[in-house]
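Protein chains in written order, with the working numbering: chain A, 545 to 1033; chain L, 545 to 1033. Below you'll find the structure, written out as structure tokens, and then a few comments.
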């Protein structure tokens, strides 16, 4: 170490000071913006929600796949339009340019093209990443789950599309989130409508984006955006306004097929004919009570080519009110909706974008807005008197006397080997009270208590935590007795 | 557009040509190096393995948590020593500097410190990321699963440590991977041994890393690295050589406590006393048949402070041979091992690194080497005659006659509503043969066949796929009958 001039000395002293001071400079650890940990309680709720959804997907014969969390950057390029700026890129550390997946649909299409798969019914539950402005109190994160079900393959029209809607109906019913509506429309009907209303061809997508805002903005504001920002004629906008206020069922599709203007568009007619067909299948599936053909539904993504849909919760029940307080959706206060909880549609062109020869694989799918579902379920759990258990432990092996650690461990291993979910305290001589308290806290229903007398008699005192009732059970029958008493857990 | 000179024109023409040619220039899509998709068959195997492991973790009363896939870069800094160069960083797109998680242990420690948790038994199954040289045929990926179980808290010595070893024993037994050994050692015993053998204090970690290579290198090569690369005296190396060849059980710990040299180290004595205690608990848990106290076990990571362990498969059964052919481990050919399938140890200092006041939370944990388990299970599945099912579908609704689509859909919805996993073909008039073929291909055990006659009679022809036996079942009893016949699926 050279001490030849002042500067190195100062530098060295600073370095020494800094490294000595470092331990106390330790900042409290924190998370990256827009992300969160799931604690055990949130995980227990998450597991229940996933189980319900996966059970439904499996009931419909779906397989599952998984793809990497990052893809080659070029795989995601040109798929998301304006939203591409929200894609997370990895640092160039040598090698390929990589990005975190933005959704599960593009990786699915890449997977199909890469493996030359032309038929599959698959679900995929995984996290996706968007550099959006996080609004965590409103349930908007930068890392969040998507829960997708898609059917790929060349089939007769509207049959898989109807199954997707049936799945949304089943999942939302089983999750007991309150009343809901599923809005349905078709990109071909929208495009046809734009054409007959006099929207220039090159403005279809941008006008479609504006229509998409009708669930958040009034018609007046939407019209003003069309006319003032997008340069549409007022006459065209007014004509659109008439159509997008229409809602109905199969009857509306029939009426529009007779509509003097609408019937001029071949595209619209194709969409309307399919819409009639879709409703006939939905009748067979007994789900028409919740489905509305709604001409204002547009959906943001570019890649849809046919039917589109979106499910919203309509009930303004206490649960939804607290969701509103949490800011999940502004409109909920007005008793309208807490926003979209599922959405999807048909995208027949996406797989072809990945195929060297452009071979298309028609696809239709649905994505469950699982983060919103989580926050509703969490609030429901908060509001409920019933405690969320974070373990499934059936019994705690305890003792009131000292020096019985070895006996406790021996019995614990016996129960583990018999498949019983068992806990034991990692202390030589824990107090009985603290052992019982742990059971109360974590909802363990039974305690197996060992004492000198019980060991002599070859029994265990089995205590029911909530009733405090105790009964001697022979050691040989203990596992069976615990299974019997916790079969409903 | 300026056409003032040749170059811009050429440039423009090229651009036009390129963009026109783009659709046919579409390259086949590919994956980022070192990553892979899981197809439905691999997912079915993965689900089975996870279920076995999670069942074990739950049997031991563990909760689960989840953390984000990326952390603040500073959270990971200074935790992995030399391996830090393998951390994936995200691109600086404005905002915080982020990195993909490298393991689940550091995020767990960050989670405990951040939430001031001093007691928890948790498992965490999630993907981690390492910019390693991928060797995918050897099961080494850049994105791979970790499967961690950890116990945090101040407890009496060796009780949670013994439970971790019991868990490894249970999981490896239940997965039926063949015979295995669990090697155990203690960082304090290693450090004490280095001290009494004359290794200078500042060389402990680097000599420890060299000892860690004994499972891949001969003693001669290890010794040569110690002497020639790390500058250790030959005498010290030879003394180490004597110790690291020792293997045993509680008896070895007792012998070393009497060892003239070893007993001079307070650290070694503390470790050896705990080792005796550990073996006494392992006896109560009935797992000593597989556990070996092995002084050559060192483990790479810096953060271990006490007991360390590693499980290896020892059987050179056909499965392992094919694992060898796949290159999983070079030694397998010699019938020694197919490498480590689980590992872990005690790390009492890591949480304190995240606490502003340095408060420590003692931790002990184990990580299951799940990717290696997957590849063994996949090879087992390949070798087995039994087909891996990728769906759980119980019945296919079919018809032999035309124009029965609506009737098929109606019955399908009835079965879905009754909780039966049901598939139906998305074609108006599929051939009976192709419907039956689909059942054969995907292992669907039953077919519910509808025809004009059956509809008239209010029955369904229920066909067992493997026996081709058919029986009429009344529509009202169909769901129950299917449940009964597929209760073992």
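Here a beta-carbon is modelled for each residue, glycine too, at the ideal position from N, C-alpha and C.
Host beta strand (DSSP E) of residue i (start-end)
i, result
"residue 711 (chain A)", "That residue, residue 711 (chain A), is in no beta strand (DSSP E); its alpha helix (DSSP H) goes 703-718."
"residue 690 (chain L)", "687-696"
"residue 898 (chain L)", "Where residue 898 (chain L) is concerned, there is no enclosing beta strand (DSSP E), given that its DSSP letter is neither H nor E."
"residue 631 (chain L)", "No beta strand (DSSP E) holds residue 631 (chain L); DSSP gives it neither H nor E."
"residue 890 (chain L)", "884-890"
Endpoints, the alpha helix (DSSP H) within which residue i is located
i, result
"residue 795 (chain L)", "794-802"
"residue 815 (chain A)", "810-828"
"residue 842 (chain L)", "No alpha helix (DSSP H) contains residue 842 (chain L), which DSSP labels as neither H nor E."
"residue 781 (chain A)", "778-788"
"residue 853 (chain A)", "Run containing residue 853 (chain A): none in the alpha helix (DSSP H); it sits in the beta strand (DSSP E), 851-857."
Helix, strand or coil at residue i [DSSP, three-state]
i, result
"residue 736 (chain L)", "helix"
"residue 582 (chain L)", "strand"
"residue 729 (chain L)", "strand"
"residue 603 (chain A)", "helix"
"residue 909 (chain A)", "strand"
"residue 666 (chain A)", "strand"
"residue 540 (chain L)", "Nothing can be reported for residue 540 (chain L), as the shown portion of chain L is limited to 545 through 1033."
"residue 935 (chain A)", "coil"
"residue 940 (chain A)", "strand"
"residue 1005 (chain L)", "strand"
"residue 611 (chain L)", "coil"
"residue 990 (chain L)", "strand"
"residue 978 (chain A)", "helix"
"residue 641 (chain A)", "coil"
"residue 1019 (chain A)", "helix"
Test: residue i CB closer than 8 Å to a CB of chain A
i, result
"residue 999 (chain L)", "no"
"residue 667 (chain L)", "no"
"residue 954 (chain L)", "yes"
"residue 823 (chain L)", "no"
"residue 609 (chain L)", "yes"
"residue 632 (chain L)", "yes"
"residue 562 (chain L)", "Caution is warranted here: a pLDDT of 42 is assigned to residue 562 (chain L), below 50, making its placement in the model unreliable, and no coordinate value can be reported."
"residue 947 (chain L)", "no"
"residue 894 (chain L)", "no"
"residue 970 (chain L)", "yes"
"residue 613 (chain L)", "yes"
CB contact check: residue i to chain L, cutoff 8 Å
i, result
"residue 750 (chain A)", "no"
"residue 963 (chain A)", "yes"
"residue 898 (chain A)", "yes"
"residue 587 (chain A)", "yes"
"residue 675 (chain A)", "yes"
"residue 581 (chain A)", "yes"
"residue 680 (chain A)", "no"
"residue 700 (chain A)", "yes"
"residue 1035 (chain A)", "Nothing can be reported for residue 1035 (chain A): it is not among the residues displayed for chain A, which extend from 545 to 1033."
"residue 834 (chain A)", "no"
"residue 687 (chain A)", "yes"
Within chain L, the residues that residue i reaches when beta carbons sit closer than 8 Å
i, result
"residue 755 (chain A)", "None at all; the shortest Cβ gap to chain L is about 29 Å."
"residue 603 (chain A)", "960, 963, 964, 965, 966"
"residue 606 (chain A)", "935"
"residue 694 (chain A)", "What residue 694 (chain A) touches in chain L: nothing, since even the nearest Cβ is about 13 Å away."
"residue 917 (chain A)", "Within 8 Å Cβ-Cβ: nothing; residue 917 (chain A) doesn't reach chain L, min ~16 Å."
For residue j and residue i, believed in contact at Cβ under 8 Å, the rounded distance
i, j, result
"residue 695 (chain L)", "residue 701 (chain L)", "Not a contact, Cβ separation roughly 13 Å."
"residue 848 (chain L)", "residue 891 (chain L)", "6 Å"
"residue 937 (chain A)", "residue 605 (chain L)", "4 Å"
"residue 641 (chain L)", "residue 623 (chain L)", "Residue 641 (chain L) to residue 623 (chain L), Cβ: 16 Å. No contact."
"residue 610 (chain L)", "residue 680 (chain A)", "About 16 Å; that fails the 8 Å criterion."
Partner residues on chain L for residue i, Cβ-Cβ distance less than 7 Å
i, result
"residue 573 (chain A)", "619, 654, 657, 658, 898"
"residue 950 (chain A)", "828"
Beta-carbon neighbours of residue i, restricted to chain A and to distances below 8 Å
i, result
"residue 942 (chain L)", "Within 8 Å Cβ-Cβ: nothing; residue 942 (chain L) doesn't reach chain A, min ~13 Å."
Amino acids of chain L, ordered along the chain, whose beta-carbon sits closer than 9 Å to that of residue i
i, result
"residue 957 (chain A)", "710, 828, 829, 830, 831"
"residue 616 (chain A)", "573, 574, 575, 576"
Proximal residues of chain A, C-beta to C-beta of residue i below 7 Å
i, result
"residue 577 (chain L)", "639, 640"
"residue 723 (chain L)", "By Cβ distance, chain A contributes nothing, its closest Cβ being about 19 Å from residue 723 (chain L), past 7 Å."
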